[in-house]
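A.B. asks: Here you go, one structure.
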DNA sequence: TTGATTTTTGCAAACGTTTGCATTACATTA
DNA sequence: TAATGTAATGCAAACGTTTGCAAAAATCAA
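Chains as they are written, first to last, in the UniProt record's numbering: chain A, 1 to 351; chain B, 1 to 351.
Dropping the structure here:
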């Protein structure tokens with residue numbers, strides 16, 4: 001309840017008739033402080049209830065032992081999983097993590113970048129907004145040589161450290177899988193093309209079609225934020241007229257699952273009449289009926305790589321030779337489940 | 001790339017031949033700085049690429065404009081939703097949020113509390129570990145009169161501001177619902193009793209049984225961490241011998257959903273043979289078949305109340321009269337879905 | 001005992017702000 | 001023009017650390 005309680009190293013010094021510098025060094029286990037003194041100091045610190053002030057230390061050292069993380073939203077499976085990994089991993093290195101969500105708003109992202117810079121984070125990790133195409137708000141970090149890493153949703157044409165999934169291969173693999181299961185008329189529901197990873201998946205989709213001599217039809221591709229509502233609306237368009245598609249490749253699992261619900265409602269059978277592939281391998285894909293085929297992106301691996309790269313950047317911050325940017329690609333894996341089982345009745349023989 | 005770039009208010013002052021104090025005040029829109037000067041200062045700040053140093057300001061002001069949040073894990077629906085709300089709401093007030101996860105480890109929780117204190121957060125919001133029964137690590141915050149709020153998983157016998165769900169009523173309502181639907185032999189899968197909210201739900205369960213003259217049997221209650229694996233194992237015990245229960249009240253949705261999967265595997269029909277109620281109203285309850293009845297805890301409301309209470313505490317921090325603690329209870333609502341539809345065949349007539 | 005090392009400690013500046021108080025500049029009135 | 005009041009600015013200390021350098025203390029060798 002007392003007001004002026006905050007003990008500082010000065011208090012410890014006075015109590016022990018030592019200088020503050022000695023106390024500071026003792027607390028930091030500086031090698032040229034005698035073991036006896038260290039002991040005394042630490043005991044007294046405990047006795048007085050001393051709590052280090054990270055702000056003061058940060059100001060002096062010009063480092064905060066804090067990393068900033070900006071993701072679109074932490075309630076989505078993929079960023080949530082990665083955030084968890086990053087946080088737990090960073091803790092091992094003695095770093096704090098400030099997790100922030102941009103809510104897919106460009107303006108919020110800009111604001112967050114600025115406040116995180118003000119907080120003098122020692123590094124920034126970002127998965128951008130769906131709509132971020134101008135990256136100049138990150139320049140502060142680049143210009144001041146503060147470790148900056150993008151993952152998953154990464155910039156195009158902006159030189160920086162990048163760790164991303166293999167989205168082209170993901171799109172290609174998902175589509176090829178549907179084709180192998182006999183699909184001839186495959187709809188693709190993509191995210192907005194302002195986000196480069198969707199561009200890559202679309203191009204994987206396109207390539208797979210070509211390779212199998214299937215036509216690419218503009219009307220069979222939807223570009224939209226991959227929400228439940230949008231998925232439902234897309235379904236209403238898709239199933240408003242015949243012929244129905246026999247396969248759908250959705251660029252996230254929420255969309256895939258919503259499509260399944262719609263199909264149940266209108267009595268389209270999955271996988272018999274329609275096969276569905278999602279993306280991200282959200283655990284929800286396993287609990288719905290039928291379970292949904294999806295593309296695993298190895299979020300744990302990605303998270304670990306992010307932290308590893310971050311630590312590398314922090315360590316080599318001084319050295320001018322160390323490369324500031326590079327691209328690292330995390331593999332994907334298709335997880336086949338019941339939603340793409342069997343072979344479409346109209347389809348040819350299985351390859 | 002340059003090394004010594006960081007501009008400070010001193011640089012602005014020199015450039016403009018003003019004193020640092022004037023610059024500081026100008027940037028903070030202090031009323032007794034002329035409009036003309038403010039303008040000049042802000043222009044110059046922009047021109048030089050000045051970025052405020054929150055560490056320095058925080059040190060001087062003894063406030064960081066940052067709030068700490070500790071939750072068991074952000075990948076769970078309930079804490080994730082609340083974290084989102086809290087973060088977005090705090091942003092409106094100009095506060096940063098440091099989201100941390102204890103991973104349900106007491107030791108990690110203690111460590112986090114200490115580092116967050118070191119970071120001199122202006123407030124701390126906590127949902128504790130399943131196993132936190134000693135709360136003395138939070139004393140630092142209480143003793144130094146720093147706003148401290150617990151939500152959902154809150155301490156017992158520790159005087160502090162608390163915002164919790166109505167867990168007693170939740171347990172009572174869920175159980176009563178099952179009884180109304182004709183269940184006579186209801187299993188309850190609870191979390192560990194070290195966490196008080198489960199104690200309350202159990203007592204609600206018990207009360208509902210009593211009220212309906214149904215026996216409370218110890219063998220029908222399981223206390224365990226509510227994970228998928230544990231749920232599966234519990235099922236193996238439950239269905240190892242007859243008679244099977246005709247109702248299960250699970251204290252989270254992961255457990256409820258896993259039970260349903262198990263039932264499908266052993267050909268127990270839900271809801272015909274067995275009715276299931278979960279807890280938290282995780283969106284997953286809607287996408288499984290059949291959809292699972294659950295207890296909504298109004299996470300958005302809870303998040304908003306947390307922030308409101310926090311802001312109140314911060315504002316009244318000085319006033320000695322303002323109450324430091326109190327308990328606020330957020331209502332619950334049962335969302336009936338197909339998993340409890342109809343009436344158990346063996347059961348009496350529906351009320 | 002002395003001098004030379006080595007180990008341990010202390011001094012004082014610095015990190016970038018904010019703010020109480022003092023001072024200056026300006027405007028107003030008589 | 002002088003006196004007065006108000007508006008605008010400046011000085012300097014303070015927030016709690018860390019650290020280069022200097023100084024003191026302890027250890028060792030001769």
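For every residue, glycine included, the Cβ atom is placed at its ideal position computed from N, Cα and C.
Every value quoted in this text rests on a predicted model; they were computed, and no experiment measured them.
Would you call the stretch 84-104 of chain A in contact with the stretch 39-47 of chain A, where contact means no fewer than 3 C-beta pairs closer than 8 Å?
C.D. replies: They do not touch, by the three-pair rule.
A.B. asks: Give me the Cβ distance between residue 248(A) and residue 259(A), rounded to the nearest whole Å; I'm assuming they're in contact under 8 Å.
C.D. replies: Locating residue 248(A) in the first chain gives position 248, counting from the first residue. Locating residue 259(A) in the first chain gives position 259, counting from the first residue. Confirmed, Cβ separation roughly 6 Å.
A.B. asks: In three-state terms, what does DSSP make of residue 78(A)?
C.D. replies: For the purposes of this step, residue 78(A) is taken as residue 78 along the first chain, with counting starting at 1. Correct three-state label for residue 78(A): helix.
A.B. asks: Write down the C-beta distance between residue 79(A) and residue 127(A) rounded to the nearest angstrom, noting that I regard them as a contact closer than 8 Å.
C.D. replies: Mapped onto the first chain, residue 79(A) falls at position 79. Mapped onto the first chain, residue 127(A) falls at position 127. Sure, about 6 Å apart at Cβ, within 8 Å.
A.B. asks: For residue 117(B), go through chain A and note every residue whose CB falls closer than 8 Å to its CB, in chain order.
C.D. replies: By one-based count along the second chain, residue 117(B) stands at place 117. The answer, in chain order, is 51.
A.B. asks: Which residues, taken in chain order from the stretch 123-149 of chain A, show a beta carbon closer than 8 Å to some beta carbon of chain B?
C.D. replies: Listed by position, the residues of the stretch 123-149 of chain A near chain B (Cβ gap below 8 Å) are 140, 143, 144, 145.
A.B. asks: Rounded to whole angstroms, what is the Cα-Cα separation between residue 319(A) and residue 312(A)?
C.D. replies: Start at 1 with the first residue of the first chain, and residue 319(A) comes out as number 319. Start at 1 with the first residue of the first chain, and residue 312(A) comes out as number 312. Going by the C-alpha atoms only, they are around 11 Å apart.
A.B. asks: In chain order, what residues of the same chain have a beta carbon less than 6 Å from the beta carbon of residue 222(B), not counting five sequence neighbours either side?
C.D. replies: On the second chain, position 222 is the one that residue 222(B) refers to. So the qualifying residues of the chain are 189, 234.
A.B. asks: Who are the near neighbours of residue 347(B) in its chain, counting only those whose CB is closer than 6 Å to its CB and skipping five residues on each side?
C.D. replies: Here the question's residue 347(B) lines up with position 347 in the second chain. For residue 347(B), the pLDDT reaches just 40, beneath the cut-off of 50, and the residue's location in the model is therefore unreliable, although a value from the coordinates is still provided. For residue 347(B), where only same-chain residues beyond five positions count, the Cβ hits under 6 Å are 182.
A.B. asks: Closer than 7 Å by beta-carbon distance: list the chain B residues that pair up with residue 58(A), in chain order.
C.D. replies: Translated into positions along the first chain, residue 58(A) becomes position 58. The contacting residues are 55.
A.B. asks: Can you give the beta carbon distance from residue 132(B) to residue 74(A), rounded, assuming they're within the 8 Å contact cut?
C.D. replies: Walking along the second chain from the start, residue 132(B) turns up at place 132. Walking along the first chain from the start, residue 74(A) turns up at place 74. Not a contact, Cβ separation roughly 23 Å.
A.B. asks: Along the stretch 303-335 of chain B, what residues have a CB closer than 7 Å to any CB found in chain A?
C.D. replies: Answer set for the stretch 303-335 of chain B: empty.
A.B. asks: Using a Cβ-Cβ cut-off of less than 8 Å, give me the residues of the stretch 91-106 of chain A that come near chain B, in sequence order.
C.D. replies: Against chain B - using a Cβ distance shorter than 8 Å - the residues of the stretch 91-106 of chain A are 91, 96, 97, 98, 99, 100, 101, 103.
A.B. asks: Pull out every residue of the stretch 229-245 of chain B whose Cβ sits closer than 9 Å to any Cβ of chain A, in chain order.
C.D. replies: Cβ contacts with chain A come from no residue of the stretch 229-245 of chain B.
A.B. asks: By how many angstroms is the C-alpha of residue 65(B) removed from the C-alpha of residue 401(B)?
C.D. replies: This structure cannot settle anything about residue 401(B), because the visible part of chain B is limited to 1 through 351.
A.B. asks: Between the alpha carbons of residue 174(B) and residue 136(B), how many angstroms are there, rounded?
C.D. replies: Position 174 of the second chain, counted from the first residue, corresponds to residue 174(B). Position 136 of the second chain, counted from the first residue, corresponds to residue 136(B). Roughly 34 Å separates the two Cα atoms.
A.B. asks: For residue 8(B), I'd like the list of residues in its chain whose CB is within less than 8 Å of its CB, leaving aside the five on either flank, ordered along the chain.
C.D. replies: Within the second chain, numbered from 1, the residue matching residue 8(B) stands at position 8. Answer for residue 8(B): 50, 53, listed in chain order.
A.B. asks: Just the C-alpha distance for residue 89(A) and residue 77(B), rounded to the nearest angstrom, thanks.
C.D. replies: Along the first chain, read from residue 1 onward, the residue named residue 89(A) stands at position 89. Along the second chain, read from residue 1 onward, the residue named residue 77(B) stands at position 77. Distance between the alpha carbons of residue 89(A) and residue 77(B) is about 22 Å.
A.B. asks: Would residue 94(B) be called buried (16 or more neighbouring beta carbons within 10 Å of its own) or exposed?
C.D. replies: Residue 94(B) sits at position 94 when you count from the first residue of the second chain. Exposed is the call here.
A.B. asks: Hey, out of 107(B), 119(B), 149(B), whose CA is closest to residue 125(B)'s CA?
C.D. replies: Working through the second chain from its first residue, we reach residue 125(B) at position 125. If we check each option's Cα against that of residue 125(B), 149(B) comes out closest.
A.B. asks: For the alpha helix (DSSP H) that residue 41(A) lies in, which residues bound it at each end?
C.D. replies: Counting from one through the first chain, the residue named residue 41(A) turns up at place 41. Note, residue 41(A): alpha helix (DSSP H), 35-48.
A.B. asks: Straight-line CA distance for residue 224(B) to residue 169(B)?
C.D. replies: The residue you call residue 224(B) lines up with position 224 of the second chain. The residue you call residue 169(B) lines up with position 169 of the second chain. Answer to the nearest angstrom: the Cα atoms are 21 Å apart.
A.B. asks: Could you tell me the alpha carbon to alpha carbon distance between residue 29(A) and residue 321(A), rounded to whole angstroms?
C.D. replies: The count along the first chain starts at 1 and reaches residue 29(A) at position 29. The count along the first chain starts at 1 and reaches residue 321(A) at position 321. Going by the C-alpha atoms only, they are around 31 Å apart.
A.B. asks: Determine, using beta carbons only, whether residue 80(B) comes closer than 8 Å to chain A.
C.D. replies: Taking the second chain and counting its residues from 1, the one referred to as residue 80(B) is at position 80. Output row for residue 80(B): interface = yes.
A.B. asks: Can you name the start and end residues of the beta strand (DSSP E) that residue 277(A) belongs to?
C.D. replies: Numbered from 1 along the first chain, position 277 holds the residue referred to as residue 277(A). Unbroken beta strand (DSSP E) run through residue 277(A): 275-277.
A.B. asks: With 16 as the cutoff for other CB atoms within 10 Å, does residue 87(B) come out buried or exposed?
C.D. replies: If you number the second chain from 1, residue 87(B) lands on position 87. It is buried - the Cβ of residue 87(B) has at least 16 other Cβ atoms within 10 Å.
A.B. asks: Looking at the strands, I want to know which residues DSSP matches up with residue 328(A).
C.D. replies: Translated into the one-based positions of the first chain, residue 328(A) becomes position 328. In the DSSP output, where bridge partners are listed per residue, residue 328(A) has 163(A).
A.B. asks: Taking 8 Å as the cut-off, decide whether the C-beta atoms of residue 257(B) and residue 284(B) are in contact.
C.D. replies: In the second chain, residue 257(B) corresponds to position 257, counting from 1. In the second chain, residue 284(B) corresponds to position 284, counting from 1. Their beta carbons are under 8 Å apart, which means residue 257(B) touches residue 284(B) by this criterion.
A.B. asks: Below 8 Å on the Cβ atoms is my guess for residue 171(B) versus residue 201(B); work out the distance and round it to an integer in Å.
C.D. replies: Walking along the second chain from the start, residue 171(B) turns up at place 171. Walking along the second chain from the start, residue 201(B) turns up at place 201. Indeed, because the Cβ distance is near 3 Å, the residues count as touching under 8 Å.
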